[in-house]
RNA sequence: GCCAAGGUGGCAGAGUCCGGCCGAACGCAGCGGCCUGCAGAGCCGCCUACCGCCGGUUCAAAUCCGGCCCUUGGCUCCA
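Residue numbers (our numbering): 505 to 986.
In structure tokens:
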């Protein structure tokens with residue numbers, strides 16, 4: 505089975521064939537950095553990350569570009585607020601660094617470039633000029649608008665007809681536009697005093713002082729870094745219209761080339777029956793989620809629903825993700841430890857385990873090739889966990905080769921493709937920590953030997969409180985650090 | 001009103017494109033058993049779904065067709 509994706513542009517599932525058979529040009533519409541990122545944003549990031557990783561696994565050289573919108577009225581609105589900063593740029597820089605920190609915590613692969621609007625104004629002006637010269641845009645009172653009636657395919661992404669659309673943009677713009685659906689490419693600073701209040705940046709342009717419009721940035725930045733035609737353009741479902749629709753209009757009008765071959769849209773994260781968003785004030789920041797549930801459980805949560813289906817956030821769904829993550833991690837852990845044990849140095853064969861490994865690899869690949877179905881991919885891994893546990897519980901002697909392959913699968917598919925940092929990847933003073941815990945467990949063992957169960961249980965509880973989970977087994981106490 | 005996507009067990013969530021292997025996966029919660037000093041983890045078993053409603057096509061439908069009801073997203077900044 506080869507990779508198939510659901511393309512919003514055609515509304516159909518299609519075989520994935522990038523322009524160059526060896527590489528993929530991937531652009532992701534990043535966020536406006538006016539606040540901390542929430543779980544909804546993280547959902548998109550993590551899915552884009554899984555796509556990136558799977559494409560690499562398939563052998564593609566992935567060129568991944570992800571923008572930061574650092575010129576925006578929402579940012580300007582926060583100028584002077586508390587200690588955020590005294591200018592649009594300062595606030596944007598602040599939230600960009602906070603956002604990158606959040607991204608790191610979720611173990612996202614880095615993009616090749618993170619372009620910013622403020623650094624691409626010359627390219628934006630060039631693009632607007634081209635559109636004006638080609639007759640797709642017109643200047644009006646110092647602002648420049650895209651004329652939707654000139655681009656005959658306008659509406660092809662969102663399947664809407666121009667006549668049925670409501671007016672775009674702010675009230676103040678209406679009188680300047682020829683058609684209500686026209687949208688701003690460049691906004692005059694003077695014509696809209698509210699748009700460039702203290703702290704908001706403006707640039708000089710052929711049309712006078714002003715700021716880039718809302719949609720032009722992505723067209724300019726993606727073209728600058730990846731060329732006229734992208735292979736994959738990903739973004740949140742809420743961006744289909746008008747943002748992505750407008751990007752297509754601008755780019756295709758300017759270059760006469762198809763802007764993006766495949767449009768993939770991540771459906772929204774919902775909570776309490778509605779989407780999570782800052783305006784509804786029902787959001788949970790990435791930061792809070794990570795500190796409360798741990799980065800891996802958050803990642804597990806976000807990947808536990810395929811990207812093209814909406815997902816429900818609640819305390820319960822995240823709790824479940826914690827369990828799913830731990831089950832995977834423990835399974836991996838057990839397999840690794842078994843490999844090191846003497847019981848593993850045998851030549852026995854367990855057909856069940858071997859079959860399970862093979863099935864997992866097949867099912868995992870089928871799932872990812874099936875429009876990046878991460879939910880099913882995880883299921884395949886969890887089924888391997890069951891097979892490993894059964895093998896270890898039921899067998900006197902272990903099937904070394906099969907265990908080796910199981911561990912390899914966990915690492916290759918779970919770590920590299922799904923981006924889970926499995927146990928054993930600990931950082932810091934792991935060895936010292938291990939030795940200290942062993943020491944406490946030795947003491948506890950002595951207490952148990954002497955029949956002082958109460959004291960032994962206290963020690964176990966105290967370790968638990970510190971995040972060290974203790975399990976008594978036939979071969980002594982084992983532990984894992986949360 | 002227009003565009004788009006959905007309605008599957010207590011929860012969550014696959015399967016629907018390419019109809020039969022689905023009386024329905026994986027997991028969480030719950031129940032019973034094994035193991036254990038106990039607990040946890042793990043294993044085994046159970047539990048609860050005829051897949052929104054109605055009708056049609058077919059040897060066969062959760063999966064195809066038609067109608068209806070409901071939900072969500074977009075049509076304003078938004079991942």
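Where is the CB? At the ideal position from N, CA and C, for every residue including glycine.
| said: Using 8 Å as the threshold, is the C-beta distance between residue 534 and residue 571 below it? | reply: Translated into the one-based positions of the first chain, residue 534 becomes position 30. Translated into the one-based positions of the first chain, residue 571 becomes position 67. In contact: residue 534 and residue 571 (Cβ atoms closer than 8 Å).
| field | Whole-angstrom distance between residue 977 and residue 606, CA atom to CA atom | value | For this step, residue 606 is matched to residue 102 along the first chain. For this step, residue 977 is matched to residue 473 along the first chain. C-alpha separation (whole angstroms): 38 Å.
| task | Might you give, ordered along the chain, the residues of its own chain that have their beta carbon closer than 7 Å to the beta carbon of residue 944, omitting 5 neighbours on each side? | result | Here residue 944 corresponds to residue number 440 of the first chain, with the count starting at 1. So the list reads 963 and 967, once near-sequence residues are dropped.
| request: Return the Cβ separation of residue 854 and residue 906 in integer angstroms, given the expectation that the two are a contact with Cβ distance under 8 Å. | output: By 1-based counting over the first chain, the position of residue 854 is 350. By 1-based counting over the first chain, the position of residue 906 is 402. At roughly 6 Å, the Cβ-Cβ gap stays under 8 Å, so residue 854 and residue 906 are in contact.
| field | Bridge-paired residues (DSSP) for residue 647 | value | Here the question's residue 647 lines up with position 143 in the first chain. For residue 647, which the question treats as bridged, DSSP gives the partners 644.
| query | Looking only at C-alpha atoms, which of 895, 593, 729 and 937 sits nearest to residue 984? | reply | Position 480 of the first chain holds residue 984. Cα-wise, what sits closest to residue 984 is 937.
| Near residue 640, which residues of its chain fall below 7 Å by C-beta distance, leaving aside the five closest residues on each side in sequence? | Locating residue 640 in the first chain gives position 136, counting from the first residue. These residues qualify, in order along the chain: 650, 651, 654, 655 and 757.
| query | Taking the DSSP output, what are the residues bridged to residue 617? | reply | On the first chain, residue 617 is found 113 positions in, with the first residue counted as 1. Paired residues: 569.
| Between which two residues does the alpha helix (DSSP H) containing residue 901 stretch? | In the first chain, the residue the question calls residue 901 occupies position 397. Residue 901 -> no alpha helix (DSSP H), and no H or E assigned at all.
| To the nearest angstrom, how far is it from the Cα of residue 955 to the Cα of residue 980? | Taking the first residue of the first chain as 1, we reach residue 955 at position 451. Taking the first residue of the first chain as 1, we reach residue 980 at position 476. The alpha-carbon atoms of residue 955 and residue 980 are separated by roughly 16 Å.
| By the 10 Å Cβ neighbour count, where 16 or more other Cβ atoms means buried, how is residue 725 classified, buried or exposed? | The residue given as residue 725 occupies position 221 in the first chain. Label assigned to residue 725: buried.
| request: Assign residue 680 to one of three DSSP states: helix, strand, or coil. | output: Locating residue 680 in the first chain gives position 176, where the first residue counts as 1. Of the three classes helix, strand and coil, the one that applies to residue 680 here is coil, per DSSP.
| Using DSSP with H/G/I as helix, E/B as strand and the rest coil, what is residue 974? | Position 470 of the first chain, counted from the start, is the residue given in the question as residue 974. Residue 974: strand per DSSP, three-state reduction.
| said: Using only CA atoms, which one of 793, 555 and 657 lies nearest to residue 738? | reply: In the first chain, the residue the question calls residue 738 occupies position 234. Ranking the options by Cα distance to residue 738, first place goes to 555.
| Cα separation between residue 914 and residue 537? | Position 410 of the first chain, counting from 1, holds the residue named residue 914. Position 33 of the first chain, counting from 1, holds the residue named residue 537. Using only the alpha carbons, I get a separation of about 35 Å.
| query | In chain order, what residues of the same chain lie with their CB nearer than 6 Å to the CB of residue 480, ignoring the 5 residues before and after it? | reply | With the chain represented from 505 up to 986, any question about residue 480 goes unanswered, as that position is not in the structure.
| query | With distances taken between CB atoms, is the gap from residue 868 to residue 842 smaller than 8 Å? | reply | Taking the first residue of the first chain as position 1, residue 868 is located at position 364. Taking the first residue of the first chain as position 1, residue 842 is located at position 338. Not closer than 8 Å, so no.
| task | Ignore the nearest five residues each way along the sequence and tell me which others in residue 634's own chain have a CB closer than 6 Å to its CB. | result | For the purposes of this step, residue 634 is taken as the residue at position 130 of the first chain. So the list reads 758, once near-sequence residues are dropped.
| request: Counting only the same chain and skipping the five closest in sequence on each side, list residues whose C-beta sits under 7 Å from that of residue 755. | output: As a working note, residue 755 is residue 251 in the first chain. Around residue 755: 723, 727 and 763.
| How far does the alpha helix (DSSP H) with residue 609 in it reach, from first residue to last? | Numbered from 1 along the first chain, position 105 holds the residue referred to as residue 609. 592 to 609 is the span of the alpha helix (DSSP H), which, as asked, contains residue 609.
| Beta-bridge partners of residue 984, as assigned by DSSP | As a working mapping, residue 984 is identified with position 480 in the first chain. Bridge partners of residue 984: 973.
| message | Output needed for residue 895: all residues of its chain with C-beta closer than 8 Å, excluding positions within five of it in sequence on either side, in chain order. | response | The residue given as residue 895 occupies position 391 in the first chain. Same-chain partners within the cutoff: 854, 856, 857, 902, 903, 906 and 907.
| Tell me which same chain residues have a C-beta within less than 8 Å of the C-beta of residue 851, skipping the five on either side of it? | Along the first chain, one-based indexing puts residue 851 at 347. Here the set comprises 904.
| Under a three-way DSSP split, which group does residue 844 fall into? | Against the first chain, residue 844 aligns to sequence position 340. Three-state result, residue 844: helix.
| message | Beta-carbon within less than 6 Å of residue 789's beta-carbon, same chain only, minus the 5 sequence neighbours each way: which residues are those? | response | As a working mapping, residue 789 is identified with position 285 in the first chain. These residues qualify, in order along the chain: 540 and 542.
| query | residue 586: buried (16+ other C-beta within 10 angstroms of its C-beta) or exposed? | reply | Taking the first chain and counting its residues from 1, the one referred to as residue 586 is at position 82. Exposed is the call here.
| request: Identify, in the order they occur along the chain, each residue of the same chain with its Cβ nearer than 8 Å to the Cβ of residue 780, setting aside the five sequence neighbours on each side. | output: On the first chain, position 276 is the one that residue 780 refers to. For residue 780, where only same-chain residues beyond five positions count, the Cβ hits under 8 Å are 542, 543, 544, 772, 773, 774, 786, 787, 788 and 817.
| field | Buried or exposed (CB count within 10 angstroms, at least 16 for buried), residue 665 | value | Position 161 of the first chain holds residue 665. Result: exposed.
| request: Identify whether residue 687 lies in helix, strand or coil by the three-state DSSP scheme. | output: As a working note, residue 687 is residue 183 in the first chain. Of the three classes helix, strand and coil, the one that applies to residue 687 here is strand, per DSSP.
| Between the beta-carbon of residue 923 and the beta-carbon of residue 803, is there less than 8 Å? | The residue labelled residue 923 in the question sits at position 419 within the first chain. The residue labelled residue 803 in the question sits at position 299 within the first chain. Contact: yes.
| In chain order, what residues of the same chain have a beta carbon less than 6 Å from the beta carbon of residue 919, not counting five sequence neighbours either side? | Looking up residue 919 in the first chain gives position 415. Taken in chain order, the residues that qualify are 926.
| request: Reducing DSSP to helix, strand and coil, say where residue 754 ends up. | output: In the first chain, the residue the question calls residue 754 occupies position 250. Residue 754: helix per DSSP, three-state reduction.
| Which residues share a DSSP beta bridge with residue 519? | Stepping through the first chain from its first residue, residue 519 is reached at position 15. DSSP, once it has assigned bridges, lists 508 as partnering residue 519.
| said: I'd like to know whether the C-beta atoms of residue 714 and residue 647 end up nearer to each other than 8 Å. | reply: On the first chain, residue 714 is found 210 positions in, with the first residue counted as 1. On the first chain, residue 647 is found 143 positions in, with the first residue counted as 1. Yes, the Cβ-Cβ distance between residue 714 and residue 647 is below 8 Å.
| field | Integer Cβ distance of residue 612 from residue 566, believed to fall under 8 Å | value | Here residue 612 corresponds to residue number 108 of the first chain, with the count starting at 1. Here residue 566 corresponds to residue number 62 of the first chain, with the count starting at 1. In fact, because the Cβ distance is near 13 Å, the residues do not count as touching under 8 Å.
| task | Drop a sphere of 10 angstroms on the beta-carbon of residue 458, count the other beta-carbons inside from all chains shown, and report buried for 16 or more, exposed for fewer. | result | Any answer about residue 458 is impossible in this case: the structure gives the chain only from 505 up to 986.
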